Every structure is written in C-alpha cells, then in structure tokens.
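Student: This structure is in structure tokens; I'll ask about it shortly.
Residue numbers (this note's numbering): 4 to 68.
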C-alpha cells in the first residue's frame, strides 16, 4: 500500500505544479508537459517495482520452504 501512495502523491504534486507553470507561461506548454510526463513516468516506476515485489512475495515466496 505504501508503494502505491508515494507515487500517487508525487504525481499529483507534479501535475499541480505543471498546471501552475502552464498557467504562468502558456507559450512553454509543450516543454512543460513533456518534462512533467517524464517525471510522472519515473515516479510511477517505484509503484510498479512495489507491485512486482508484492506479487513475488505473494505467489513465489522465497522465505517459505
């Protein structure tokens, strides 16, 4: 659960700041959106890694005999 909350908060913060930046400088919209999407993709990878670890521990637990 914690692995999903962190990326969600980070992406929400990034999207809010991206929208704020586009409101301030509308002429730089494409650069801001591109950078924001790259940051969101990087933030999402931590959630995906958390999901993979959870699935491994759930179905192929190496700690159980």
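Using N, Cα and C, we set each Cβ at its ideal position, and we do this for glycine too. Source: prediction; values computed, not measured.
Rounded to whole angstroms, what's the CA-CA distance from residue 49 to residue 13? Just pull it up for me.
Tutor: Each residue's alpha carbon lies about 11 Å from the other.
Student: Go ahead and pull the three-state DSSP assignment for residue 39.
Tutor: helix
Student: Measure the C-alpha to C-alpha separation of residue 29 and residue 66 and round it to an integer number of angstroms.
Tutor: 53 Å
Student: Return the residue from the list 55, 17 and 60 that minimises the CA-CA distance to residue 41.
Tutor: 17
Student: To the nearest angstrom, report how far apart residue 52 and residue 5 are at their CA atoms.
Tutor: Taking the straight line joining both Cα atoms gives about 12 Å.
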